[in-house]
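Step one of this worksheet: look at the structure below.
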Amino acid sequence: MQRINFDEEIRLHNLWRRQFMNAFAAGSYADMPLSGHRSCMLSLALKKATGPCTQQPLFKLLAVEHDRFHALCNEILDLSENGMASEADRLLLELTDASHRLVGLLDEMRTCQRESKADAG
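Per the working numbering, residue 4 is the first one in the sequence shown, and the count goes up by one each step.
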């Protein structure tokens with residue numbers, strides 16, 4: 004079974020989000036770790052994952068929400084790089100909501116993975 008370290012995925016996501024919001028609060032788009040999301044390895048881990056949890060609808064929803072989160076990040080990055088900071092700002096609430104949904108799904112998958120490990124052991 005190819006397992007995902009959901010604790011680490013949640014930690015990395017929250018770290019990135021805090022850095023992003025701190026840079027935003029300071030009004031410094033240039034300092035935002037916007038491009039850091041492009042090196043996210045969760046997509047690869049999701050593709051390689053095996054086991055009973057990967058058959059759950061929740062797993063497929065996690066992949067969809069993860070892609071949606073990154074699409075929003077790309078849109079904010081494109082807007083900010085093209086001098087459209089106010090348009091990028093308008094997407095921040097949507098990004099925050101997507102972030103919370105993503106962490107919630109990661110947490111649910113972590114629980115599924117732990118329960119399936121306990122059932123197998």
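Idealized CB from N, CA, C, for every residue including glycine. It should be emphasised that the depicted structure is a prediction, and the values quoted were computed from it without experimental measurement.
Count the other CB atoms, across all protein chains shown, that sit within 10 Å of the CB of Ser83; report buried if there are 16 or more and exposed otherwise. Buried, by the Cβ-count rule.
Do Ala91 and Ile79 count as a contact pair if the criterion is CB distance below 8 angstroms? yes
Proximity to His16 [Cα-Cα], best of Ala123, Gly86, Cys76: Cys76
Only counting the same chain, and skipping five residues up and downstream in sequence, which positions put a Cβ closer than 6 angstroms to that of Asn85? none
If we ignore side chains and look at the alpha-carbon of each, how far apart do Asp110 and His103 end up? 11 angstroms
Quick check: what's the CA-CA separation for Leu18 versus Glu12? 10 angstroms
Met112 versus Ala88 - alpha carbon distance: 35 angstroms
With Asn77 as the anchor, note down where its alpha helix (DSSP H) starts and where it stops. 60 to 84
Which residue's Cα is closest to the Cα of Arg71: Ser46, Ala52, Lys51? Ser46
Is it true that the CB of Leu64 sits closer than 8 angstroms to the CB of Leu108? Yes.
With distances taken from CA atoms, which of Asn25, Lys120, Cys56, Arg20 is nearest Cys43? If we check each option's Cα against that of Cys43, Arg20 comes out closest.
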